[in-house]
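Asker: The structure follows.
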Amino acid sequence: MKKFRKVLDGLTTSSPVNPGGSPACGSAAGTPSTAPTPRELEIQETLMSEHFQICKTVRHGFPYQPTALAFDPVQKILAIGSRSGGVRLLGRPGVDCHCQHESGAAVLQLQFLINEGALVTACADDTLHLWNLRQRRPAILHSLKFNRERITFCHLPFQSKWLYVGTERGNTHIVNIESFVLSGYVIMWNKAIELSTKTHPGPVVHLSDSPKDEGKLLIGFESGTIVMWDLRAKRADFRIYYDEAIHSVSWHHEGRQFMCSHSDGSLSMWNLRNTAKPFQVTFPHGKTQRDGRKESCKPILKVEYKTSRNSSEAFVVFSGGLSYDKAGRRPTLTIMHGKAITVLEMDYPIVDFLVLCETPYLNEVQEPYAVVVLLEKDFVVVDLTQSNFPIFENAYPMDIHESPVTCTAYFANCPPDIIPVLYSIGAKHKKTGYSHKEWPVSGGTWTVGSQTYPEIIITGHADGSIKFWDATAITLQMLYKLKTSKVFEKPKSGDVGRSAELVEEDPFAIQMINWCPQSRIFCIVGISAHVILYRFSKHDANTTITSLEVRLQCEMEDVISPSDTENTPCFSDPSGLSPQPQPPSPRSNTPDSVRDSIPCLKVKDRMIRMPPGYQAELVVQLLWVDGEPPQQITSLDLNSAYGLLALGNCNGLAVVDYLQKTVLLCMNTLELYGSADPFQRLTRSPRKNRQSTSDFCMRGLSNFYSDSKKRIRTSYQSLTELSDNQVSLDLERSKSPTSESRENSFSRSRSSSVSSIDRETKEAVTTLQFAESYGRKSDTLPTPCLWVGTSLGLVLIIPMSIPTDEQERQEDHVTMAPTGTVLMLKGSILRFAFLDCGGALINSPYEVWRDQHAPDDPDRPRKRKLVNFSPSSSQEASGDGHLAVVCSERQAKVFFMPSQACLYVHNITESSFVLRADVVSVCNSVCLACFCANGHIMTLSLPSLRPLLDVNYLPLTDMRIARTFCFTNGGQALYLCSPTEIQRITYSQEMCDNLQEMLGELFTPIETPEAQNRGFLKGFFGGNAQTFDREELFGEAAAGKGSRSLAQHIPGQGGMEGMKAAAGGVVGELARARIALDERGQRLGELEERTALMMASADTFSKHAHELMLKCKDKKWYQF
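Quick look at the structure:
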C-alpha cells in the first residue's frame, strides 16, 4: 500500500504546463478566487498492477459465418465451426465454450470422439486438430498438417482410434487418433476405381463404414462414383458409376442398402445385392411435366436415412431439392415419413443439419428424436417425436443479431429486484407453440459460482429495438424487449418522408443508451436526431406522448468576439431560449431550400395504450434549420433526482426539464463560453458545406454492419490508415466538418493546444454529466451542476438552481447560468467522474423508483424520494471539496474542486487515441479504465493516475468494436467481436483466478450404452462386425509408417489440466508418462471388466445349451 500526498498550497491560481507547451488546465477569466487554506490531501491507494490481468471469459450469440456441425450422442454436446476458425461447444444452459484456431482457417468438418471427451477439427489450411474437452478450457493436443493434398472429408467410426481422411485427389488416408500420425495404409484413387476408367473420379465427398461389416468402407466421389472397399482384402467389392454428382450418402441401419443425394435434386436407393442400378430414384420436389420428364430441381446437399421401432416407415430428412421454377422460395428442410412429406421453410440458407438419435451404434434401430438445423444466421432444433414437428425454444441467446447491434451498455451489481421484474414483464410477450419436451442438447455440468451479483446487458439495434439481457454469472438470457419505433407514426406508402432522405434504411437506429437502474428511467438517442425518455410501470396505461422540438443549429454569420457574449444572463425564462414554431404537415414535400423547423420523424399525437413495462413519456427531436438537416446527437445525460435531460451535438447544447416538459437551455457551443473562450474563432458561411454535411449526416446502419464493411460516407477511416499515415489523417481532420464527432469517426482527435480554429471546424459537445459540484471557485458548498466536455478538449461547468420542495419543483423554473469556467485537456473529452477526499467514488443523486400508474393509496401518497440530493447530504459528502476526474482522447487529469487546481496529469497515448474511458470499481477501490483505438486496454490508479495495466489486447480495432466496447464495475467489459456475437472479458486478476469454477464442465463421466443383443441367428448369418481389428491392418507393424512428407505432426500446446505446471524437463516427461500409464491402466481395467462379462455370458450360454441337450437327448426325431 502506497501513500500519495499532494500539497495544495499555492496551486489555486497556478497552471501546470505540459511538454507540448499548451496549458494543461485553464481558469476562468477575471480575478482568481481566494485560495483555500493550505492543507495536506492524504489518500490511501490500494490498487496495484498485481490486481489486473486481461482474460476472455465467455462469448454469447450466434457463431458468425458457421461452416460445420457435430454432436456427441452420449455426452449430448454440440459443436459448431465457423469460417474464422472458431469452434463453439454447447451443452445445457451455462455450458457454453468458445475455442479458436490460431491460424484462423475455416473449420471444414467436426468429428467427436464419442464419449471420449475429445474433438477432431479439419480446417481449410489442410490441418487436423485434436482438442481435449476434459478441461474447462479446451486445448489442442495434436495437429497434423497435410502438405501435398487438400482435405475434403473425414470419418471416425464409433469406438475406433483410426480416422479416415478423404482428399481432393481422391485418396483416402488413415490417421491414428492417439499418436496423430499417418498410417502406411492408403487407399489410392486409381486402385479404388477400375483401371479402364479414363477420368478422375473427383474429390472424396463421403466416407463411412458399413453397419453390417466394419471391414468394408464406402467411398463416395464427387463425380458419382461409389466404391465399397474391402479393408482386409485391399480391393473393391463393387463399384457404382452414376450419372449425377453425389453430395451425401446415408446407410440403413441393417447395412443392406443406402441412400444417395444428387445434384439434380434426386434421391437414389441402392441395394448391396444388385449394385448395377438403383432400385429406386425419386425427385421429392420435382413434378412430371407434360412431355414426361421431371422438372429440374436444385441439388439435395445432404440426406439422412433413419429408422424407428415404433414405425415401419423410415425418416428421410434432407435439405434443398426444390424446383428451379419456384423463384424466391426460402430454403427448406424436408422430412419424409412414409407417404407424408413435411416441408419446413427456413429464414436463412441451411449450412448443415444433423438428425439426433438415441443410440450411437450405426447397426441398431436409430430412433431419431430431433433435427438440429444450422442456418447462416440462426440455429433451429426440430422435434421429430410429434407429428406437427414443432421447434424447441432455443436455450441459448442466438438472436442477438435479429437486427444489427448498433450500441451496447453493461451494468454490473444492479439492484437485485430489477431482473425478476423485467423477466416477469418480458415473459408475457414470449412466443408460443414450442415443443414441450426438454432441450435435447443437455450435456455438461454447470453451477452458479459463489461470487455472483446481478448483471444486465442492454443492446440497441438498427430497427430501433432495445433488448435487456440477464448477464448474471457469465450466462445470457433474454429479459425484455422494447420497440422504440412504436412511438412514431408509420410513413404511408408512396410517401418518401423527411426521414427517408436523411436516413436511407434505419431511421430508428439506436445510437446511445442511458439507464438509471435505481429510478428505472431509460433514455435512448436515435440516429434521426431524436431522444426518447421512458418510465417503468407494472401497469398498463392510456397516455399521450409529449413531444418537444429543439432548434439547435450553429449560426456563424458574424465574427464571434468576447465582447458579443461578455454578459451572460441567468436563463430563467426557457421560452426565450427554445423557439418552437408549429411544424408544417409531415407529408409536405418541401425542397431543402425552404425546409425549416421540421423534425425527422412524426410522433404519435393521439392517446396510446401502453402495456406494462417501459412506457414512453417524452420525445425530444432536433429540427431542420433553413434547409440544413439536424446533426446527430453526440452526447446525452439524464439525472432522475434533478428531473433534467441534457443533449449535445456539433452545434451546441440543449437541456430539457422532463418533469415540466420544457426546454431550459438551447445554446450554441460558443455562447456557453462567454468571455472565457480560449480560442480566436474565424467566421464561416453556414451554407458552405451544406452538401457535405447532409451527405455525411446519417446512413443506414444495416449496410454498415454488412460483410463488405461499408463505411458511413467518407468520414470513416480505417485503423490501418490511422496508424500508417498520420499526415493524411490530420489533413482529413481539417477537411471533415464533423471530424470531432466521437460516434461517427475514428479521426476525431484534435489537439487543443492550437491557438486558432480553421474555418471548417465545429466544436461538438462530446460528453455531459450532471453532478453535485462547484460551479465557481468561490463556492463553499456543492450545488447541482452540469459538466460539459467538448471535442476541442474544453470543460465547462454550468451551475443550476433546482427547487428542493416537490410542489415547487413542479411549478418553479430551474435556472441555469453558464459561468464561463473552462478547464483544458488534449483531445476530445470522453468521461467525467467525481471522488471524495478519501478517494471514494461519488455517485450521482437519483430518485427512487415509484410506479406512476399504480392505484392511488390515500394512506400513503406517492412522493418523490431523492437520494444524495439535499443541502445536508451534499454538505456532508463534499463540503470540504472533491476531486474531479476528466479523461480525454489523449490524457487524463484530476482537478481539486472548487479551486480547480490540477493535481495529477497523465498522457495516456501519443500515437493513438482513447475510444472508451470509464471510472469503475475493482477490488473495493476505483480506477480509470481506457480502451484505445490501437487495441490497448489500460487502467490508471485514482487519483494519482499511475499506470497499472497496459495490454495490447486487440491488434486491430474496427468500427464495430469501437461503437460497442464498454467497461463496467467488477473488472468486466464487453464488445461485439462479430456482427452476431458478444465477447465478455475481464481485466481483474481475482476474476481470472475464479474463472475456472465459473465455467461449465464440457465432459462428464457417462457409461457408454451397451450394444443391443443381435440374437444368435443374426449374428451367425449376418456376420460379426466386432471381430474386425483395425490395429492389425493399420498399425505400423502391418502397414508401415506413413509418408512424412505428406503430413507433418505438430504437438499441441494444451493437455490435461495441470500439465503446464509439469511441462519442463524430466518432471514434464514423468508427468506425461504417469498420465499415459493411468489412461492405459484405465483402459486395461475396462478391458478386464468386458472380458469378465463375456466369460460370464459364455458360461450362462454353455449351461443353457447343456440343459437343452439333456432335455432333448432321449427324444426321437418325430417327437420334435
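Its first residue numbered 97, the sequence shown is counted upward by one per residue in my numbering.
Think of the CB as a built atom: it goes at the ideal place given N, C-alpha and C, for glycine as much as any other residue.
Since the model is a prediction, treat every value here as computed from it, not as a measurement.
Using a Cβ-Cβ cutoff of less than 6 Å, which residues in the same chain neighbour Pro132 once the five nearest sequence positions on both sides are dropped?
Answerer: Locating residue 132 in the sequence shown gives position 36, where the first residue counts as 1. Unreliable placement is indicated for Pro132, whose pLDDT of 38 sits below 50; no coordinate value is reported for it.
Asker: Bridge partners of Gly262, per DSSP?
Answerer: The residue labelled residue 262 in the question sits at position 166 within the sequence shown. Per DSSP, Phe249 and Thr268.
Asker: Is Tyr465 closer than 8 Å to Pro536 when the C-beta atoms are compared?
Answerer: By one-based count along the sequence shown, residue 536 stands at place 440. By one-based count along the sequence shown, residue 465 stands at place 369. The Cβ atoms of Pro536 and Tyr465 sit closer than 8 Å to each other.
Asker: Check whether the Cβ atoms of Phe866 and Asn745 sit closer than 8 Å, and answer yes or no.
Answerer: Counted from its first residue, the sequence shown places residue 866 at position 770. Counted from its first residue, the sequence shown places residue 745 at position 649. No, Cβ-Cβ distance for Phe866 and Asn745 is not below 8 Å.
Asker: Does the segment 524 to 542 come within contact of the segment 627 to 638, defined as at least 3 CB pairs closer than 8 Å?
Answerer: no
Asker: Out of His348, Thr863, Ile893 and Tyr738, state which residue places its alpha-carbon closest to the alpha-carbon of Gly770.
Answerer: Here residue 770 corresponds to residue number 674 of the sequence shown, with the count starting at 1. Of the listed residues, the one whose Cα sits closest to Gly770 is Ile893.
Asker: Would you say the segment 398 to 417 touches the segment 444 to 453, given that touching needs at least three Cβ pairs under 8 Å?
Answerer: yes
Asker: State buried or exposed for Glu1185, treating a residue as buried only when at least 16 other CB atoms are found within 10 Å of its CB.
Answerer: Here residue 1185 corresponds to residue number 1089 of the sequence shown, with the count starting at 1. Counting Cβ neighbours within 10 Å, Glu1185 comes out exposed, since fewer than 16 surround it.
Asker: Ignoring anything shorter than 3 residues or poking outside the segment 550 to 615, list the beta strand (DSSP E) runs there in chain order.
Answerer: The segment 550 to 615 contains these whole beta strand (DSSP E) runs: 551 to 557, 561 to 566, 573 to 579 and 606 to 612.
Asker: Take Ala1069 and list the residues in its own chain whose beta-carbon comes closer than 6 Å to its own, dropping the five residues that flank it on each side.
Answerer: The residue labelled residue 1069 in the question sits at position 973 within the sequence shown. Phe1063 and Ile1081, listed in sequence order.
Asker: What do you reckon, are the CB atoms on His197 and Arg184 nearer than 8 Å?
Answerer: Looking up residue 197 in the sequence shown gives position 101. Looking up residue 184 in the sequence shown gives position 88. Result no, Cβ atoms of His197 and Arg184 do not sit closer than 8 Å.
Asker: Looking only at C-alpha atoms, which of Thr879, Val861 and Arg265 sits nearest to Met912?
Answerer: Translated into the one-based positions of the sequence shown, residue 912 becomes position 816. It is Thr879 whose Cα lies nearest to the Cα of Met912.
Asker: Could you check how far apart the C-beta atoms of Glu985 and Val1001 are, in whole angstroms? I think they sit under 8 Å.
Answerer: Locating residue 985 in the sequence shown gives position 889, where the first residue counts as 1. Locating residue 1001 in the sequence shown gives position 905, where the first residue counts as 1. Actually they are not in contact, since the Cβ atoms of Glu985 and Val1001 sit about 14 Å apart, beyond 8 Å.
Asker: Do Gly200 and Gly177 count as a contact pair if the criterion is CB distance below 8 Å?
Answerer: Your numbering for residue 177 matches position 81 in the sequence shown. Your numbering for residue 200 matches position 104 in the sequence shown. Not a contact, by the Cβ cut-off of 8 Å.
Asker: Using the rule of at least 16 other Cβ atoms within 10 Å of the residue's Cβ for burial, across every protein chain shown, is Asn1030 buried or exposed?
Answerer: The residue given as residue 1030 occupies position 934 in the sequence shown. The residue is buried, with at least 16 neighbouring Cβ atoms inside 10 Å.
Asker: Take Ala1058 and list the residues in its own chain whose beta-carbon comes closer than 6 Å to its own, dropping the five residues that flank it on each side.
Answerer: Position 962 of the sequence shown, counting from 1, holds the residue named residue 1058. Result list for Ala1058: Leu1011, in chain order.
Asker: So what does Arg1220 bridge to, in DSSP terms?
Answerer: The chain is shown only over 97 to 1216; residue 1220 falls outside these bounds and no answer can be derived.
Asker: How about Phe604 and Thr580: are their beta carbons less than 8 Å apart?
Answerer: Along the sequence shown, one-based indexing puts residue 604 at 508. Along the sequence shown, one-based indexing puts residue 580 at 484. The answer is yes: Cβ separation under 8 Å.
Asker: In angstroms, rounded to a whole number, what distance separates the CA positions of Ser819 and Ser1008?
Answerer: Against the sequence shown, residue 819 aligns to sequence position 723. Against the sequence shown, residue 1008 aligns to sequence position 912. At Ser819 the pLDDT is 36, less than 50, meaning the model places this residue with poor confidence and gives no usable figure here.
Asker: Rounded to the nearest angstrom, how far is the Cβ of Leu718 from that of Val621, given a contact under 8 Å?
Answerer: Numbered from its first residue, the sequence shown carries residue 718 at position 622. Numbered from its first residue, the sequence shown carries residue 621 at position 525. Between Val621 and Leu718 the Cβ distance is about 11 Å, and since that is not below 8 Å, they are no contact.
Asker: From Met144 to Cys1088, what does the alpha carbon distance come to, in whole angstroms?
Answerer: As a position in the sequence shown, residue 144 is number 48, starting the count at 1. As a position in the sequence shown, residue 1088 is number 992, starting the count at 1. Taking the straight line from one Cα to the other gives about 16 Å.
Asker: By the three-class DSSP mapping on this structure, what secondary structure does Tyr492 have?
Answerer: Position 396 of the sequence shown, counted from the start, is the residue given in the question as residue 492. If DSSP states are grouped into helix, strand and coil, Tyr492 belongs with coil.
Asker: With a threshold of 7 Å on Cβ separation, who are the neighbours of Gly417 within its own chain once the five nearest residues in sequence on each side are excluded?
Answerer: Within the sequence shown, numbered from 1, the residue matching residue 417 stands at position 321. Excluding positions up to five away in sequence, the list reads Gly361, Pro380, His381, Cys393, Lys394, Ile396 and Thr430.
Asker: If you compare alpha carbons, which of Ile704, Met1055 and Phe449 is closest to Glu585?
Answerer: Here residue 585 refers to the residue found at position 489 of the sequence shown. When each option's Cα is compared against that of Glu585, the closest is Ile704.
Asker: Which partner residues does Ile236 have in the DSSP bridge list?
Answerer: Looking up residue 236 in the sequence shown gives position 140. Paired residue(s): Trp227.
Asker: Go ahead and pull the three-state DSSP assignment for Thr1005.
Answerer: As a working note, residue 1005 is residue 909 in the sequence shown. Coil at Thr1005, not helix or strand.
Asker: In the DSSP output, which residue or residues are listed as bridge partners for Phe992?
Answerer: Here residue 992 is taken as the residue at index 896 of the sequence shown, counted from 1. Answer by DSSP bridge pairing, in chain order: Leu979 and Ala997.
Asker: Closer than 8 Å is the cut-off here; do at least three beta carbon pairs connect the segment 1084 to 1102 with the segment 1034 to 1044?
Answerer: no
Asker: Just the Cα atoms here: how many angstroms apart are Arg89 and Asn406?
Answerer: What the structure shows of the chain is the stretch from 97 to 1216, and residue 89 is not part of that stretch, so it cannot be assessed.
Asker: Expressed to the nearest angstrom, what Euclidean distance is found between the alpha-carbon atoms of Tyr1049 and Ile150?
Answerer: Translated into positions along the sequence shown, residue 1049 becomes position 953. Translated into positions along the sequence shown, residue 150 becomes position 54. Each residue's alpha carbon lies about 8 Å from the other.
Asker: Report the rounded CA-to-CA distance for Glu489 versus Cys510, giving the unit in angstroms.
Answerer: If you number the sequence shown from 1, residue 489 lands on position 393. If you number the sequence shown from 1, residue 510 lands on position 414. The alpha-carbon atoms of Glu489 and Cys510 are separated by roughly 28 Å.
Asker: Quick check: does the Cβ of Ser306 come within less than 7 Å of any heavy atom belonging to the ligand HEM?
Answerer: The model depicted lacks the ligand HEM and carries no ligand whatsoever.
Asker: Which residue's Cα is closest to the Cα of Ile562: Arg1126, Ala625 and His497?
Answerer: Taking the first residue of the sequence shown as 1, we reach residue 562 at position 466. Checking every option, the nearest Cα to that of Ile562 belongs to His497.
Asker: Is Leu1206 buried or exposed, if buried means 16 or more other CB atoms sit within 10 Å of its CB?
Answerer: Along the sequence shown, one-based indexing puts residue 1206 at 1110. Label assigned to Leu1206: exposed.
Asker: For Asn484, does the count of other Cβ atoms within 10 angstroms reach 16, so buried, or fall short, so exposed?
Answerer: Walking along the sequence shown from the start, residue 484 turns up at place 388. Result: exposed.
Asker: By the DSSP assignment, the beta strand (DSSP E) with Asn764 in it spans what residues?
Answerer: Here residue 764 corresponds to residue number 668 of the sequence shown, with the count starting at 1. Asn764 -> beta strand (DSSP E) spans Thr758 to Asn764.
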